[in-house]
Amino acid sequence: MKELRAHRLQSIQSHLQYLYLAVCLQEYFARQNLIERDSKFQAFLASYISYVKRHAAKHGIKADAKG
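What follows is the structure in structure tokens.
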């Protein structure tokens, strides 16, 4: 645990990484039946995918978001 904490400072370096982490946590919670895959869940995921695609297009990156 101490080693993990030592690397925590720069583990997330961009807003996209924070968003990706939020999507991963949301998916994990849904798979554990802690949250429902309701309209809010789907809307957040759709917004994330849309944002990633727009960001990629703006920066000339090929987006590979599944949706």
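Going by this note's numbering, 57 is the number at position 11 of the sequence shown; the sequence numbering is gapless.
Heads up, the beta-carbon is just placed ideally off N, CA and C, and yes, glycines get one too.
Keep in mind the model is a prediction, meaning the values are calculated, not measured.
Residue i: first and last residue of the uninterrupted alpha helix (DSSP H) it sits in
i, result
"S60", "No alpha helix (DSSP H) contains S60, which DSSP labels as neither H nor E."
"R83", "Taken as a continuous stretch (DSSP letters only), R83 belongs to no alpha helix (DSSP H), as it is neither H nor E."
Residues near residue i by beta carbon distance below 8 Å, same chain, minus five either side
i, result
"E82", "A76"
"A89", "none"
Presumed contact (8 Å Cβ cut-off) between residue i and residue j, rounded CB distance
i, j, result
"L67", "I58", "7 Å"
Spatial neighbours of residue i in its chain, beta-carbon cut-off 6 Å, leaving aside the 5 residues before and after
i, result
"V69", "Y94"
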